[in-house]
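What follows is a set of notes on a single structure, which appears directly below.
2 protein chains.
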Amino acid sequence: MAKRKQLDDFRVPFFNGGKADKGFSFADFDPRAKPFSTGAKQADRERLIAYAAQLDEMQERLHAQRRERVLLVLQGMDTAGKDGTIRAVFHEVDPLGLRIATFRAPTLTETAHDFLWRVHQQAPAAGELTIFNRSHYEDVLVPRVRGELRADEIERRYAHIRHFEALLADSGTAILKCFLHISKDEQRERLQARIDDATKHWKFDLADIDARHQWDDYQAAYVDALAATSTEHAPWYVIPADSKSHRNLMVAALLLRLFESLKLQYPPAKESLQGITIS
Amino acid sequence: MAKRKQLDDFRVPFFNGGKADKGFSFADFDPRAKPFSTGAKQADRERLIAYAAQLDEMQERLHAQRRERVLLVLQGMDTAGKDGTIRAVFHEVDPLGLRIATFRAPTLTETAHDFLWRVHQQAPAAGELTIFNRSHYEDVLVPRVRGELRADEIERRYAHIRHFEALLADSGTAILKCFLHISKDEQRERLQARIDDATKHWKFDLADIDARHQWDDYQAAYVDALAATSTEHAPWYVIPADSKSHRNLMVAALLLRLFESLKLQYPPAKESLQGITIS
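Sequence order for the protein chains is H and A.
Sequential numbering of the first sequence, starting at 1, is according to full-length UniProt numbering.
Sequential numbering of the second sequence, starting at 1, is according to full-length UniProt numbering.
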């Protein structure tokens, strides 16, 4: 009988100087797998609701304590489900405690600075849960595939990313990075569905098809980027994401585990308020 | 038989140069009233869910069109329910399409600028629904009650606010401003409940009690500020808010009506995508 899969079986091995981590590849991760699904649709839905309620409570403690910060980074190919994950997993979380930073193609002002400048501004503050919908990882993936940066420049960016994330972690930010892993077949179906439904055209850009033509280049760029930046304080996880319900459950489970590790408590009662009667 | 109340019966008369608008006072608005409640708790809950689903759809169209902007300003005394409204009304709205800007006491950097500087930075972008949880109105209310600004300085700030909001409106921002109107009795109960529950102490500051001692001053400051800044493009509404379910329903109904007035449509299908088959 196969061993039951653990969340950490999907963690990208930690970077150790670029030597032993050459073994990581997507071949070991089937995008169609559903290891954290219950196997039944209705049960999956109920479990996600339960997870979301727990996330909501954890987030309130985070907010009350106003000390720790939590950062979730979501990356994936087009249609991998970044928006859908945010919608499904965080539907029940108090909107007051959640901030979503969406990174599109950089503006002129942004490209006039180093590539981490605009990202740093969006880092979570004390008590905040922030989601990066795309992130600074676009700035190693896209220029590499387009051949706009030399290999050594890309390597330097990986190092800058590791140092930047170490700074955030060192200042009390718990970081979780999820790569939403879909198959090329699944992407074809999702893109086609968007084309066939005219009301979805606003979500679609012809450039999305160009990126699909470079599928293998992007997969290779992701493998290298993940291997170079998965660290103990900012680990990458590969999320099998052809199944949306599985994807949602797995991201929620990872985030819940991270929250639990913070052992968040409500701040203690204030002595100055004891026995006061409001008139 | 009394005439059925309309939403616009709760609109603060538009500013007309400070002459005829002296008639506005809170005496005409009973904070305990529930004019937009169904009268039954379960039916209220179902109606709010229906409103929230409509808001969710409207917000998606706003996002798809990426042209209009929507701004909701929430103000009210401590415990009036600003956080609670956001939580209840926007629970079902896609977190991707919603941004909440919470204004606390200004930082040193912020006070080194004019009072609208930090507010302008948080104005909604094209396609965004933004909620101001407190706002630039704190900067006319607080200094007035504390006696930190002369009357003519306060009047100048009202004028700056009118011009600022006209700029936003002129750039495609639909604005709704809601004053959550609670009674002094209701506030006593809510403050006392926070004191009696030690896990809620983090929400409580002894300064909240000071503000309560200046209840009448704050009410007078609100009346003047609302009268001086209710305009056709940025109207103020008084929301009877002793009943939380009524408060939620009324804010949702006003916002829905505003969204409907925008006649948002999904962008048209793209000809460039017709007949494409993804390989």
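The beta carbon of each residue, even a glycine, is placed where N, CA and C say it ideally should be.
* To do: Evaluate contact between the segment 203 to 222 of chain H and the segment 142 to 149 of chain H, counting only Cβ atoms and requiring at least three cross-stretch pairs below 8 Å.
  => Touching, yes.
* Residue range of the beta strand (DSSP E) that Ile100/A falls in? -> Going by DSSP, Ile100/A is part of the beta strand (DSSP E) stretching over Leu98 to Thr102.
* Contacts of Asp83/A in chain H (Cβ-Cβ under 7 Å) -> For the C-beta of Asp83/A, the chain H residues within less than 7 Å are, from N- to C-terminus, Leu96.
* Could you round the C-beta distance between Phe36/A and His181/A to whole angstroms and report it? I think they count as a contact, below 8 Å. => Not quite, the Cβ-Cβ distance comes to about 13 Å (not below 8 Å), so this is no contact.
* **Any chain H beta carbon closer than 7 Å to Ile195/A** => Ile195/A counts as touching chain H.
* **Chain-order list of residues whose beta-carbon lies under 7 Å from that of Asp44/A (same chain, five-residue window excluded)** => Only Ser37, Thr38, Ser245 and Leu249 meet the Cβ criterion.
* Between the beta-carbon of Glu232/H and the beta-carbon of Phe14/H, is there less than 7 Å? -> Their beta carbons are under 7 Å apart, which means Glu232/H touches Phe14/H by this criterion.
* Contacts of Thr199/A in chain H (Cβ-Cβ under 7 Å) -> Within chain H, the residues near Thr199/A are Tyr266.
* **Cβ neighbour criterion (16 or more within 10 Å) applied to His213/A** => The residue in question, His213/A, is exposed, as its Cβ has fewer than 16 Cβ neighbours within 10 Å.
* Contacts of Gln192/H in chain A (Cβ-Cβ under 8 Å) -> Result: Thr277 and Ile278.
* Bounding residues of the alpha helix (DSSP H) (the contiguous stretch that carries Thr130/H) -> Membership of Thr130/H in any alpha helix (DSSP H) is not indicated; the residue belongs instead to the beta strand (DSSP E) covering Leu129 to Asn133.
* Anticipated Cβ contact below 8 Å, Ala80/H with Ala241/H, distance rounded -> Correct: roughly 6 Å between the Cβ atoms.
* Asked: Cβ of Lys270/A less than 7 Å from any chain H Cβ?
  -> Chain H, which has a Cβ nearer than 7 Å to the Cβ of Lys270/A, makes this yes.
* Asked: Sorry if obvious, but does the Cβ on Gln65/H come closer than 6 Å to a heavy atom of the ligand GTP?
  -> Questions concerning the ligand GTP fall outside what the structure shown contains, since it holds no ligand whatsoever.
* Based on the DSSP output, what are the partners of Phe175/A in its beta bridges? -> The identity of residue 175/A in the sequence shown is Ile, whereas the question assumes Phe. In the DSSP secondary-structure assignment, Ile175/A is bridged to Leu71/A.
* **Partner residues on chain H for Ile86/A, Cβ-Cβ distance less than 7 Å** => Per Cβ cutoff of 7 Å: Pro95 and Leu96.
* To the nearest angstrom, how far is it from the Cα of Val12/A to the Cα of Phe179/A? -> C-alpha separation (whole angstroms): 10 Å.
* From Pro235/H to Asp28/H, what does the alpha carbon distance come to, in whole angstroms? -> Answer to the nearest angstrom: the Cα atoms are 18 Å apart.
* Asked: Residues bridged to Tyr237/A by DSSP?
  -> Partner(s): Arg11/A and Cys178/A.
* Burial state of Lys177/A (16 or more Cβ within 10 Å) -> With a 10 Å radius around the Cβ and a threshold of 16 neighbouring Cβ atoms, Lys177/A comes out buried.
* To do: Could you list which residues in chain A have their beta carbon closer than 8 Å to that of Phe204/H, in chain order?
  => Here the neighbours are Lys270 and Leu273.
* 7 Å Cβ cut-off: residues of chain H touching Ala64/A -> Going along chain H in sequence order, the residues near Ala64/A (Cβ under 7 Å) are Trp202.
* Asked: So which residues of chain A does Ile100/H contact, with C-beta pairs closer than 7 Å?
  -> Contacts between Ile100/H and chain A, judged by CB atoms closer than 7 Å, involve Pro95 and Leu96 in chain order.
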